[in-house]
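First up is the structure itself, then whatever we jot down about it.
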Amino acid sequence: MISAILVSLMMVAQLPDGTHWNLQERTDAITGRHSYSFGLRGQWVGAGPGFPYKDAQPDLIISCTVGKGFDFASYDIGALVDVGVRRVEYRIDAKAGTFYMPYSSTRTYSADKFVFLSKGDTEKILKGTLVLLRVSAYNNGYLTAQFDIPKDSSTVRDACRMK
Numbered sequence: 254m255i256s257a258i259l260v261s262l263m264m265v266a267q268l269p270d271g272t273h274w275n276l277q278e279r280t281d282a283i284t285g286r287h288s289y290s291f292g293l294r295g296q297w298v299g300a301g302p303g304f305p306y307k308d309a310q311p312d313l314i315i316s317c318t319v320g321k322g323f324d325f326a327s328y329d330i331g332a333l334v335d336v337g338v339r340r341v342e343y344r345i346d347a348k349a350g351t352f353y354m355p356y357s358s359t360r361t362y363s364a365d366k367f368v369f370l371s372k373g374d375t376e377k378i379l380k381g382t383l384v385l386l387r388v389s390a391y392n393n394g395y396l397t398a399q400f401d402i403p404k405d406s407s408t409v410r411d412a413c414r415m416k
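Sequential numbering of the sequence shown, starting at 254, is according to this note's numbering.
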C-alpha cells in the first residue's frame, strides 16, 4: 500500500508548564490537502505491576485541515478494546459524564485501539486541565488514561476552529 501522505514538518510546541502538544504538519501528495495533527501523550491510571498493557501508551490526537477546521479527534488507547465500544466515560476536572461515539464511527473503523470523539466532546476536553478517559478493555476490564491538558491550547482550538 502506497502512503499518499508526506510528512513535511515535525515539531513540538513546548509550553511553560512542561506539558505540550506534539504538532505534525502534513500535505497529501495526491490532493494537496494541508493538515495538522496535534498529539498529547497520556498515562495510565491504576496500572499496577500486573497491568497487561504497560508497554502501550495512551494518546489524544486531534486532526484538522488548514482553512476548513476540525477533521477528527481520537483517543488512541494503544491496547485492544471491545470492538463494539461506543462510549467513553470521562472526568474533566471535577465534572464526570459519558461521550457517545457516532454509530458510523464504530461501524466504519471497527475500533480496536482507537475511540473517535466528536468535535463537541473534544472542545470540552480542551477546556479542562485534568482529563480522565475510561473504556472497556478486551479482557472485560477497564482502561483509564489521564491527560494533563496544556494550560494554553489556543493553537489547537484556532487551527481546528473550535470554541
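Quick reminder that beta carbons are idealized off the backbone N, C-alpha and C, glycines included. These figures come from a predicted structure and were not determined experimentally.
Item, Value
"Touch test, the segment 312 to 319 against the segment 271 to 290, Cβ-Cβ under 8 Å, three pairs minimum", "yes"
"Nearest-angstrom Cβ-Cβ length linking PHE325 and PHE369, presumed shorter than 8 Å", "6 Å"
"Whole-Å CB distance - LEU386 paired with VAL341, under 8 Å assumed", "5 Å"
"Under the three-state DSSP convention, the category ALA412 falls into", "helix"
"Test item: CB-CB of ILE378 and ILE330 under 8 Å", "no"
"Local Cβ density within 10 Å of GLY350, reported as buried at 16 or more and exposed below that", "exposed"
"Simplified DSSP assignment, three categories, for ASP374", "helix"
"Boundaries (first-last residue) of the beta strand (DSSP E) holding ASP312", "312 to 318"
"Euclidean distance between Cα positions of LYS348 and ALA282", "42 Å"
"PHE352 vs MET415 beta-carbon contact at 8 Å", "no"
"For SER327, three-class secondary structure by DSSP", "strand"
"Residues near GLY381 in its chain [Cβ-Cβ closer than 7 Å; skip 5 each side]", "ILE345, ASP346 and ILE402"
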